[in-house]
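Protein chains in written order, with my numbering: chain A, 1248 to 1885; chain B, 461 to 933. For every residue, glycine included, the Cβ atom is placed at its ideal position computed from N, Cα and C.
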Amino acid sequence: MIQRIDYDAAGLISGLEVHQQLLTKEKTFCRCPAGLYVDSHDGEVLRHMRPTLSELGEYDGTALMEFKTKKEIIYLLNKSNVCTYEMDDTPPFLVNQDAIDVAIELCLMMNMDIIDEVQIARKQYLDGSIPTGFQRTAIIGVNGCLPFKGRRLTVTHVSVEEDSCREVMNKGHQIVFRTDRLGMPLTETVTGADLRTPEEVRDAILLCGLVARSTRHVRTGIGAARQDVNVSVRGGSRVEIKGVAKAAYAVKLVHNEGIRQVNLLRLRDLMHERGITKSDDIRKTAVDVGDIFADADLGFLQKTLGASGKVYAVKIEGAAGLASHPTQPDTTFLDELSGRVRVIACLDEQPILLSSERLPDFANVHRYRDRVRKRLKVADRDDFFIVWGPEADCLTAAEEIRLRFVDAAGGVPKETRKSLPGGYTTFERILPGPDRMYPDTDSPPTRVVPERVERLRKQLAPPPWEREKQYSEWGVPLETVHYLIRRGGVETVEEVVQKTGVDGRTAAVEIGQRLKALKRAGIPVERLRTEQWVQIFDLYTDGRIPREGIRAVASVMAREPGLTADAARAAAGIELKDASEWRPEIEGISFDGYVVHKGDSAARRFRYIAGKATRMLRGRAPARDVVSFLQEKLGVRS
Amino acid sequence: MTTPKDRSDMFQGYRGPARAMLEKFTIGVWSEVEIKNDAGSVFTGVILPRNETCDDLHVVIKLFTGYNVGLAVDRILDAREVGYRKAVYKIPEKEFPYDPKKKNVTLLGTGGTIASRLDYRTGAVIPAFTPGELYGAVPELADIANLTTRKLFGVFSENLGPENYKALAAAIGEEVEKGTDGIVIGHGTDTMHHTGAILSFMVQNSPVPIVLVGSQRSSDRPSSDAALNLMNSVRSAAECDIAEVMICMFGPTSDKYDLLHRGTRCRKMHSSYRSTFRTIGDMPLAMVHTTVNEKGSHFEYISHDYLPRDKTRKPVINTAFEEKVTIQYYYPNFNSDIIDALADKGYKGIVIAGTGLGHVNRPIFPALRKAIENGMTIVMTVQTLWGFAQMYVYDTGRDLLELGVVPLDNMLPEAAYMKLCWVLGQTSDRETIRKMMLTPINHEITPREPHMGYLIMQGGLPEVDEFICKHWK
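This is the structure:
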């Protein structure tokens, strides 16, 4: 099994689809409040979905696959955040123009060409995540790029779309969704397949996040930004890894997908060597073997048989050994089969399916294996699998197993995979194609006039790379700049620098780094408005407080919102004295209380004495002055 | 590749500058194009027809990613055709299977959107109609009955009128004559209750069910109610015991079952809900499920007072219709000029939807008196929809009765309108008119309103919220 691959040699390429919730008051197509999440409901609606034709007259493959699953879909409703639009009993209202504005800003930041007349389309999703059965979506900008590691990361398009429901439960033929998130405005930023390593994918996700935050009009917090990562290797296919919650997770996910595709291509070659190349070459036989397993000591089979379910054996001719072919690290092709069976046949009773080669260890297992082999006439070159559950689902499962082998003969099937903890993925659905898109006849197009674009361009905040440049000139560490952009402190820093004359580095470090520490200590510093920061830094630049006093005054003001900076200074006990007043106090400072540790050193001893002196003089003398006085007095070089 | 000249529809919906651009680059609708604009962006996709209500400054293309974008023609620098791909938006047509053990149902089409496809120019939905198309869209139909279809006309329900009603009634008569086991009428939902009422009068004594059906969410969307309504209506036509004119539409908010409403007692009550049709002043006739209950039936009959199926019975078809009839919805400040103008224009009947128990204000009394004296029929219904016109309770009502206004008890205004058209189409004798209007044909007037019938639940009340929480809506 290979655990390492040379990405370049394998021809790994990757691109992103970054979903970002926008900060608007209302949802995208109705007047419900946006961003109001609840965990309770006061009504439920049941629906089923059927596939429909695209405008070009074709059914979409994913849609048909999802229809095969025949799910009962239940939506949980709460009147505080949904209306009759979300439950699809009212047509859409006109699209939220604030959401379009934010999307245009995002596009402008990425140097994109804004679409002149925005057309709303429907993108089918029959998994139930949207009650209409489609997501309303519209392209806002195309043809953009981001500066990335000294080259350009292309941005193919940005669209505005409505967010989907949150899944609560998915078991058997029933799936339950909460509708609070449904209809929230999102942008989807689609990059070109320009990324070449897992680390680049991570960095590109971080960059897209910074760009979105730089507009100041996006939501933050859990679930506000989610990305899908498209990965393929040379000879493989585009596989979309859904729901990568954090940039750092992308590294292992992309790596593992690269390995999976390389392994699947080897499996294809192996099948071709056996002469299996097309659908007709893969024949299956599915037989009810409930009688054989009637007394087998396997809990899940007994449970199924007890609930009048069936146990089916599925023979796949010529498939001997293929199921144990490696795919992702520590995973085999059997996992690909069980993913399809779980999703499409709705058989989700663990371990979902058994393969003849890896039957669990139970009494007389060999006898059962032999009986099945005999019943289905399984030859040495064949393999068989066991599935269990309702009869119709077992038959669907049998065909899905066969179809997955058919796909394997073609290499890597295009699919959407769900990311799991630990960097693994599992089958979610067949990758949808353009056939699932058709125009939304409920919504008129929105003309975007050049005047509107120019107005938005004028109020556009600086993009992250401009800020990085500016701040690095100030000597601010990169991670501090990124923190400020992500958490929304850059405007404050810039205004403080402009109004108080403080140097950029001090302002950025105090507001960025120190703030993080205060937040961690539970002090509500996010309450502080820019004007208050200006007052605080005025005190500092006027010499009324020492540098370490900035943090102390900020924390008092955060806790007591009514105070002016000067009153907060007084409350924090800061009253700077002339050096002639405090110097005598530490003239005779001693090493009393210093405990000699193993690592005793002159530096350690100096730190002890300096700490003691600054504590004594806190609020009366700037720590920096105290330290330099002591250095001079004790003859320590700084 | 077809040359543009061969294509008659190449500018579908495009005019002005947009059309000029297409002409300039000799491209058109369904051209696969590569278009370059002044920002250097390249768009590749198919040119779609333009909705005629949209402006003439943009051309719409469907990108190969599936998205549509509108491009300002004044920004287009270059465009070239790389192919041609006309959409064949077609519901897969499969031969509808025939099973001699199953009942034969006839589907009459009027232009409803039960199964449909999109029309780009108008954004409208075009019905799929042949049995093969319906079978392709809703294959479950073949498990229910043998289906034959007959397209009568293709109009939206708001455009249906007397000629269509007459044609429908006549077609029903013909199909019954041919021995069908039940009739389904595909119909737009907006005026389905009007059609339900008029057919109840024009087609009486039917041996088999006559079921009107439509959809509130068109079938071009995955969450459409069309398939469920269609399956349940065909089931009702084939197997239901009620041989009346009925409306079969969503019962609850969820995808659970349909309700059969009496054609004369039903009304569309929400502009967009699936469960928009409600029986008013009575209870629905039955619930229809796609699955069987413990008794092996798809139906749960709520009412037992109906005309049962009997194929030996002969229907009575009477397509009389007087068009000079109107409904007037009364409001404070209603001016008598309106009544005078209607009389001047030769109107023969007015259905008033009056306030409360059936009232209008005194200043219009002289106009009403004059109109009635000149031979007009004026009947009274209630705009509250629920309850009876009881005009003997207050002086105003008594005075109106005195003028010769005919109180129609709990007949719904739309049913009253259709009945008055039908009656005036047959007679102008005042007493005969009064007698015909007051003698119910199919429960358009009921003697009693059941106390469970008035079921407008007031959302927000604790007991209603509790009910909604407990049961799927």
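Proximity below 9 Å, CB of residue i to CB of residue j
| i | j | result |
| --- | --- | --- |
| VAL1389 (chain A) | THR1693 (chain A) | no |
| ILE604 (chain B) | ILE643 (chain B) | no |
| VAL748 (chain B) | SER675 (chain B) | no |
| SER731 (chain B) | THR1337 (chain A) | yes |
| GLY569 (chain B) | GLY646 (chain B) | yes |
| ASP650 (chain B) | LEU688 (chain B) | no |
| LEU1393 (chain A) | CYS1455 (chain A) | yes |
| ILE1563 (chain A) | PHE1652 (chain A) | yes |
| THR1434 (chain A) | GLN1267 (chain A) | yes |
| PHE1853 (chain A) | VAL1883 (chain A) | yes |
| LEU1601 (chain A) | PHE1632 (chain A) | yes |
| GLU1604 (chain A) | LYS1489 (chain A) | no |
Host alpha helix (DSSP H) of residue i (start-end)
| i | result |
| --- | --- |
| GLN1878 (chain A) | 1870-1881 |
| SER1719 (chain A) | 1711-1721 |
| ARG1734 (chain A) | 1725-1734 |
| ASN1503 (chain A) | 1496-1520 |
Interface residues of chain A facing residue i [CB-CB closer than 8 Å]
| i | result |
| --- | --- |
| THR751 (chain B) | Those do not exist, as THR751 (chain B) stays about 12 Å from chain A at its closest Cβ, beyond 8 Å. |
| ASP925 (chain B) | ASP1289 |
| ILE928 (chain B) | ASP1289, GLY1290 |
Proximity winner among the options, relative to residue i (alpha-carbon distances)
| i | options | result |
| --- | --- | --- |
| TYR1559 (chain A) | A:LEU1259, A:HIS1572, A:ARG1428, A:ARG1622 | A:ARG1622 |
| GLU1828 (chain A) | A:GLU1807, A:ILE1783, A:ALA1868, A:CYS1279 | A:ALA1868 |
| LYS1272 (chain A) | A:PRO1432, A:ASP1582, A:ARG1605, A:PRO1660 | A:PRO1432 |
| ASP534 (chain B) | A:PHE1340, A:ILE1362, A:GLN1268 | A:ILE1362 |
| THR786 (chain B) | B:GLU874, B:LYS755, B:THR750, B:ARG727 | B:GLU874 |
| ALA698 (chain B) | B:LEU567, B:ASP804, B:GLU555 | B:LEU567 |
| LYS1396 (chain A) | A:ILE1367, A:LEU1324, A:THR1788, A:ARG1449 | A:ARG1449 |
| VAL1659 (chain A) | A:GLY1759, A:LEU1512, A:LEU1584, A:LYS1418 | A:LEU1512 |
| VAL1723 (chain A) | A:GLY1759, A:VAL1743, A:GLU1698 | A:GLY1759 |
| GLU783 (chain B) | B:LYS805, B:TYR474, B:ILE507 | B:LYS805 |
| GLY818 (chain B) | B:ALA803, B:LYS830, B:ASP855 | B:ASP855 |
| GLU1409 (chain A) | A:GLU1741, A:LEU1269, A:ARG1798 | A:LEU1269 |
Chain A contact residues for residue i, given Cβ-Cβ distances below 7 Å
| i | result |
| --- | --- |
| ASN528 (chain B) | GLN1366, ALA1368, PRO1686 |
Limits of the beta strand (DSSP E) - the one that residue i falls within
| i | result |
| --- | --- |
| CYS1641 (chain A) | Not the beta strand (DSSP E): CYS1641 (chain A) falls in the alpha helix (DSSP H), residues 1638-1656. |
| ILE1821 (chain A) | It is not in any beta strand (DSSP E) - ILE1821 (chain A) carries neither H nor E in the DSSP assignment. |
| GLN1549 (chain A) | No beta strand (DSSP E) holds GLN1549 (chain A); the alpha helix (DSSP H) holding it covers 1546-1553. |
| ILE812 (chain B) | 809-814 |
| GLU541 (chain B) | 536-544 |
| LEU1324 (chain A) | 1319-1324 |
| CYS1593 (chain A) | From DSSP, CYS1593 (chain A) is part of no beta strand (DSSP E); its letter is neither H nor E. |
| ASN528 (chain B) | 528-532 |
| PHE1276 (chain A) | Here PHE1276 (chain A) belongs to no beta strand (DSSP E), and DSSP marks it neither H nor E. |
| ALA746 (chain B) | 746-748 |
| GLN1267 (chain A) | 1260-1268 |
Under 9 Å by beta carbon: chain C residues contacting residue i
| i | result |
| --- | --- |
| ARG1683 (chain A) | No chain C appears in the structure shown, which is made up of the protein chains A and B. |
Chain-ordered neighbours of residue i on chain B, where CB pairs are closer than 8 Å
| i | result |
| --- | --- |
| MET1296 (chain A) | PRO682, SER683 |
| VAL1389 (chain A) | SER501, PHE503, VAL529 |
| GLN1760 (chain A) | Ordered by position in chain B, no residue passes the 8 Å Cβ test against GLN1760 (chain A), which lies about 41 Å from the chain. |
| LEU1373 (chain A) | PRO682 |
Cβ distance (whole Å) where residue i is taken to contact residue j below 8 Å
| i | j | result |
| --- | --- | --- |
| LEU828 (chain B) | VAL865 (chain B) | 7 Å |
| VAL1625 (chain A) | VAL1588 (chain A) | That pair is no contact at about 19 Å. |
| ARG1481 (chain A) | TYR1284 (chain A) | Not confirmed; about 43 Å, so no contact. |
| GLU1487 (chain A) | PHE1547 (chain A) | Not quite, the Cβ-Cβ distance comes to about 31 Å (not below 8 Å), so this is no contact. |
| ASN1503 (chain A) | PRO1576 (chain A) | 6 Å |
Partners in chain B for residue i, counting only beta-carbon separations shorter than 9 Å
| i | result |
| --- | --- |
| THR1379 (chain A) | ARG677, ARG681, PRO682, SER683 |
Contacts of residue i in chain A (Cβ-Cβ under 9 Å)
| i | result |
| --- | --- |
| ALA687 (chain B) | HIS1295, ARG1297 |
| ASP715 (chain B) | VAL1292, LEU1293, ARG1294, HIS1295, GLU1319, ILE1320 |
Neighbouring residues, chain B, relative to residue i (Cβ below 7 Å)
| i | result |
| --- | --- |
| ASP1363 (chain A) | HIS518, GLY530, LEU531, ALA532, ARG535 |
| PRO1692 (chain A) | CYS514, GLY530 |
| THR1337 (chain A) | SER732 |
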